[in-house]
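In this note's numbering, the protein residues as written are 43 to 178.
Heads up: the structure comes next, in structure tokens.
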Amino acid sequence: MDGYCHLRRGLRTFSVDRVRSAREIEEAADTIPDKELDEYFASSYGIFSGKANKTALLRFSRERAQWVADERWHPQQIGQYLTDGRYELRIPYRDPRELVMDILKYGPDVEVISPDALRGTVAECLRLALAHYPGL
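This is the structure we're talking about:
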């Protein structure tokens with residue numbers, strides 16, 4: 043649920059199942075311009091709101107390229123086929139958590155090219171997952 047957080051004094055996305063209490067107030071709601079709402083809620087990847095301040099560059103294998111090229115990850119994504127049949131996808135994001143989960147589902151068929159912080163986060167998740175399979 044998207045709304046204004048009086049505690050943080052800004053727009054936020056709330057998980058309804060985490061709301062512990064709510065109360066009706068007599069004060070009229072403020073109108074926020076659509077442009078401001080779009081900038082906050084729609085510019086970043088996934089459920090994490092806020093203005094995108096990073097761009098992920100992902101490179102997919104030839105085997106996955108045709109499927110990924112047909113997916114819409116984000117309204118402002120930019121994708122292109124490479125001469126060797128692989129596919130590169132640029133995605134604006136702010137918070138990497140949901141993006142990392144979506145990257146990991148492609149396993150060996152995707153490589154994070156940049157930024158380095160996202161690349162490191164994905165690599166660390168893969169190392170931790172591999173630790174569950176000692177001796178293999």
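Every residue, glycine too, gets a C-beta built ideally from N, C-alpha and C.
task: Count the CB pairs spanning the stretch 93 to 104 and the stretch 129 to 136 that are closer than 8 Å, and state whether there are at least three.
output: Contact holds: three or more Cβ-Cβ distances are below 8 Å.
query: Using 8 Å as the threshold, is the stretch 116 to 132 in touch with the stretch 63 to 76, meaning 3 or more CB pairs across them?
result: Counting Cβ pairs under 8 Å, fewer than three are found: no touch.
- prompt: Is leucine 124 helix, strand or coil by DSSP?
  reply: Position 82 of the sequence shown holds residue 124. Reduced to three states, the DSSP call for leucine 124 is coil.
query: Within this structure, are the beta carbons of arginine 106 and tyrosine 175 separated by less than 8 Å?
result: In the sequence shown, counting from the first residue as 1, residue 106 sits at position 64. In the sequence shown, counting from the first residue as 1, residue 175 sits at position 133. At a Cβ-Cβ threshold of 8 Å, arginine 106 and tyrosine 175 do not count as neighbours.
field: Option in Thr73, Pro157, Phe102, Pro75 with minimal Cα separation from aspartate 137
entry: What you label residue 137 is simply residue 95 of the sequence shown in a count that begins at 1. For the residues Thr73, Pro157, Phe102, Pro75, the minimum Cα distance to aspartate 137 belongs to Pro157.
- prompt: Taking Cβ to Cβ, would you say valine 61 is nearer than 8 Å to phenylalanine 102?
  reply: Locating residue 61 in the sequence shown gives position 19, counting from the first residue. Locating residue 102 in the sequence shown gives position 60, counting from the first residue. Cβ atoms of valine 61 and phenylalanine 102: not closer than 8 Å.
Rounded straight-line distance, which links the Cα of arginine 139 to that of valine 99: Taking the sequence shown and counting its residues from 1, the one referred to as residue 99 is at position 57. Taking the sequence shown and counting its residues from 1, the one referred to as residue 139 is at position 97. Before going on, a small fix: residue 99 reads as leucine here, not valine. Their backbone Cα atoms lie some 16 Å apart in a straight line.
- prompt: Does the distance from the C-beta atom of arginine 128 to that of arginine 161 stay below 8 Å?
  reply: In the sequence shown, the residue the question calls residue 128 occupies position 86. In the sequence shown, the residue the question calls residue 161 occupies position 119. No, the pair does not count as a contact, with Cβ atoms beyond the cut-off.
field: Proximity below 8 Å, CB of cysteine 167 to CB of leucine 141
entry: To locate residue 167, count along the sequence shown from 1; it is residue 125. To locate residue 141, count along the sequence shown from 1; it is residue 99. In this structure, the beta-carbon distance from cysteine 167 to leucine 141 does not fall below 8 Å.
For isoleucine 155 and leucine 124, the rounded distance between their alpha carbons: One-based indexing of the sequence shown puts residue 124 at position 82. One-based indexing of the sequence shown puts residue 155 at position 113. For leucine 124 and isoleucine 155, the distance between alpha carbons rounds to 14 Å.
message: Once DSSP output is grouped into helix, strand and coil, what is the label at glycine 52?
response: Locating residue 52 in the sequence shown gives position 10, where the first residue counts as 1. Looking at glycine 52 - three-state DSSP - the assignment turns out to be strand.
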